[in-house]
Amino acid sequence: MFTDSHAHIYSEYYDDISKVLSRAKEKNIGRIINNGVDNKTNKEVLSTIEEFPEIYGAIGIHPEHVHEYSIDDINFIIDNLNNPKIVAIGEIGLDYHYEKESKEAQIKLFERQLAIAEQYNMPVVIHSREATQDTIDTLKKYHVKGVIHSFSGSKEVANIYIKMGFLLGINGVITFKNSNIKDVYKDIPLENIILETDSPYLTPHPYRGEKNEPSYIYDIANFVADLKQVPIDKLAEQTNKNIKKMFSKIIN
Ligand code: NI
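For my numbering, count along the sequence shown from 1 and bump the result up by 4.
What follows is the structure, given as structure tokens:
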């Protein structure tokens, strides 16, 4: 059984979520962590974890929504952390690709959520784009652990995050012909990685151009097993172990 450790399963992307989940089940993907990015999607995460047993949730405010959030949205996150199926605070972080001019505001929002994670002892799901140094510096101010989602940096940066207690999330990008992260992941121990789709984005080869969905974990897993020369069962077992250790509210 595989876990999709990072997806965005909202009704705006998928007309029929139960069909998406049954296609995932056919490929032996038995668990999905659904990530919110703002108040609206955090609420959707809460309704999906209630409706579907295989869905767990992470709630947070993504840096792209830095201009829209209110204190009520932050309080909403705090108020729902005791839900047994909310396993992390995410997706949170820094994105300087489109939003360089909002650096300060992004760091403030990021720090606010890291402080909550530290206080409530919750792991964090980190989005970091063109912001590696600030991400590392900010994370170091808090006692938190979690996942660097969609990690695509160098071996050196991978080792820094691993030393800080973070897992690295691999997704469909690794299957792209022009991707150079294969070399980085080749040398990273299985104990430090987990698999994700980031659905509906980052659809793996050979489905590029279509909408991504959790069933494609099957293709990502096969690619990674091949790259790392390990049996697929071993990859499933170790990545699930990593997930349960990190997201301690996932017990079965
Ligand atoms: Ni995401």
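Quick reminder that beta carbons are idealized off the backbone N, C-alpha and C, glycines included.
In this chain, the alpha helix (DSSP H) harbouring Leu-239 covers 236–250. Ranked by Cα distance from Lys-249, the options Val-70, His-10, Ile-93, Asn-196 are led by Asn-196.
Separation of the CB atoms of Asn-39 and Val-129 is rounded to 6 Å, and the pair is thereby assigned contact status at 8 Å. At least one heavy atom of the ligand NI lies closer than 7 Å to the C-beta of His-10.
Judged by DSSP in its simplified three-state form, Phe-170 adopts strand. Contact between the stretch 224–242 and the stretch 13–30 is absent, with fewer than three C-beta pairs closer than 8 Å.
A residue is called buried when at least 16 other Cβ atoms come within 10 angstroms of its Cβ; Asn-175 meets this threshold and is buried.
Distances between the C-beta of Asn-246 and the heavy atoms of the ligand NI are all 7 Å or more.
In chain order, Thr-45, Glu-48 place their CB closer than 7 Å to the CB of Tyr-14, counting only its own chain and leaving out the 5 sequence neighbours on each side. For the options Glu-122, Ile-78, Pro-127, Val-70, the alpha carbon positioned closest to that of Tyr-102 is the one of Val-70. According to DSSP, residue pairing for Val-128 in a beta bridge involves Ile-93, Gly-150. Thr-179 has no beta-bridge partner at all, per DSSP. Beta-bridge partners assigned by DSSP to Leu-199: Ile-174.
If you look at Thr-207, you'll find it isn't in any beta strand (DSSP E); DSSP assigns it neither H nor E.
Gly-169 sits exposed, since fewer than 16 C-beta atoms from the chains shown fall within 10 Å of its C-beta. Three or more beta-carbon pairs separated by less than 8 Å are not found between the stretch 128–147 and the stretch 69–84, which leaves the two stretches without contact.
Not a single heavy atom of the ligand NI lies less than 7 Å from the C-beta of Asp-42.
Distances from the CA of Pro-67 to each of Lys-144, Ile-178, Leu-239, Glu-134 were compared; the closest alpha carbon is that of Glu-134. For Ile-33, the closest of Glu-16, Ser-9, Ile-53, Glu-55 by C-alpha to C-alpha distance is Ser-9.
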